[in-house]
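Residue numbers (our numbering): 809 to 1259.
Written out as structure tokens, the structure is:
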């Protein structure tokens, strides 16, 4: 068995490895995740001179696909949640084949593996949050208002909310959960899909379209300072240890919330958006994928259609297979504070922990699981300096934060990214796409107003 943390550098490079000491452009976009790429494409196709700056050695942000032989493994975003039109339009435009997730869900509890419908139970309780009109409270406080819930039910609900939202149930806003629940219902959010050939093909498609329209990309470019006034911006950055400058009339800031909140990028003066960002939290999650010699669990006829498996008292508490695809993988997931249980563990450590748990769940000798395992792939988004977390959620009292972050500053600074989505879909790819489209339209509107 090989334990491996993929090297994100094995990805396409930018247009220029070493820009001149000063680059002038109309619009700078900080961050080449799907939000920044979408904004870049939209603006470039509208005839705007656009330059993208990305701190990493690849584009795509928290969309990271690894290919090992015939196995396609997602180490970042994986699921297409529902039928959000902006996302599906791009998928169809790019000609990407998808498949819908189905199959059987199981729960391992009291040393027994049984068929279940845990997500359905969680979604049903969250309906209590819809249309929340009372003062905002945490999910933990909401549970306290329902003493009729058994200890077991409370545990399942906490696991569901923390796992789905990568959130701390002591901090996440009930009002935001209600908004999210309603938003999910509007796009058939109970359905989920995967891109068959890999989700990273979507940002690659956006990059290709942006470049063909004239956009420029600089990778390995770490932004340090953004000095700005009305329609005048100067960005100081480092590229491979070399200082570089970029000058523009407008900037779209599309870096992850975790990066923004560290203050690593110094804005002078500080825009209001950074203050509102404190109403949001960057969620924690750890995921890893195990590649096996064969689908050993499917040798049990009852588990042939295994999709999700919940083992709430274990680490990780959630597993899934690629069903109905026939790949030989199992993915483990921990969302929320429990992700800290894997802090500091190597891929080899995680693989051993996983083998022991799977042996217990499937009632097989641990030696058999170890002999089946070929590889363990993982990526630590908390420690990735270009992400510093999994995805965002709303803290108590912060439901207006994303909307306020989305407001332009003097027609000069604009913010994008899933954390700035104003439609209730925080933490999703379609939220990031929507935010990129919105920021680009704001730039275009300001250009028209100025002219």
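C-beta: ideal position from N, C-alpha, C; glycine also.
> If you draw a straight line from the C-alpha of residue 1210 to the C-alpha of residue 1172, how long is it?
Replying inline: 48 Å
> Exposed or buried, what is residue 1218 when buried is set at 16 or more other beta-carbons lying within 10 Å of its beta-carbon?
Replying inline: Here residue 1218 is exposed. Its C-beta has fewer than 16 other C-beta atoms within 10 Å.
> For the putative contact between residue 1127 and residue 1095, defined by C-beta atoms under 8 Å, what is the C-beta separation to the nearest angstrom?
Replying inline: Not a contact, Cβ separation roughly 10 Å.
>> Bridge partners for residue 920 per DSSP, in chain order?
In response: 917
>> Per the DSSP calculation, residue 1140 is bridged to which residue(s)?
In response: Residue 1140 is bridged to 1096 and 1127.
> Would DSSP call residue 1188 helix, strand or coil?
Replying inline: coil
> Counting Cβ pairs closer than 8 Å, one from the segment 970-983 and one from the segment 881-898, do we hit at least three?
Replying inline: no
> Which full runs of the beta strand (DSSP E) of 3+ residues lie inside the segment 1026-1059, going along the chain?
Replying inline: 1029-1037, 1040-1047 and 1050-1056
>> residue 1007 and residue 873 - do their beta-carbons sit closer together than 7 Å?
In response: yes
>> Suppose contacts are defined by Cβ-Cβ distances below 7 Å. Is residue 1099 in contact with residue 1182 by that definition?
In response: yes
> From what residue to what residue does the alpha helix (DSSP H) around residue 1002 run?
Replying inline: Premise fails: residue 1002 lies in the beta strand (DSSP E), 1000-1003, not in any alpha helix (DSSP H).
>> Given this structure, state the Cα-to-Cα distance separating residue 837 from residue 1106, to the nearest angstrom.
In response: 47 Å
>> Less than 7 Å between C-beta atoms, sequence neighbours within five positions excluded: which residues of the same chain meet that for residue 1167?
In response: 1173, 1174 and 1177
> Sorted by chain position, which residues of the same chain lie with C-beta nearer than 6 Å to residue 1233's C-beta, five sequence neighbours on each side aside?
Replying inline: 991 and 1239
>> For residue 871 and residue 1011, I'd like the C-alpha separation in whole angstroms.
In response: 8 Å
>> Tell me the rounded alpha-carbon separation between residue 1097 and residue 1103.
In response: 13 Å
> Helix or strand or just coil, what does DSSP make of residue 1222?
Replying inline: Residue 1222 falls in the strand class under three-state DSSP.
> By how many angstroms is the C-alpha of residue 952 removed from the C-alpha of residue 1227?
Replying inline: About 28 Å.
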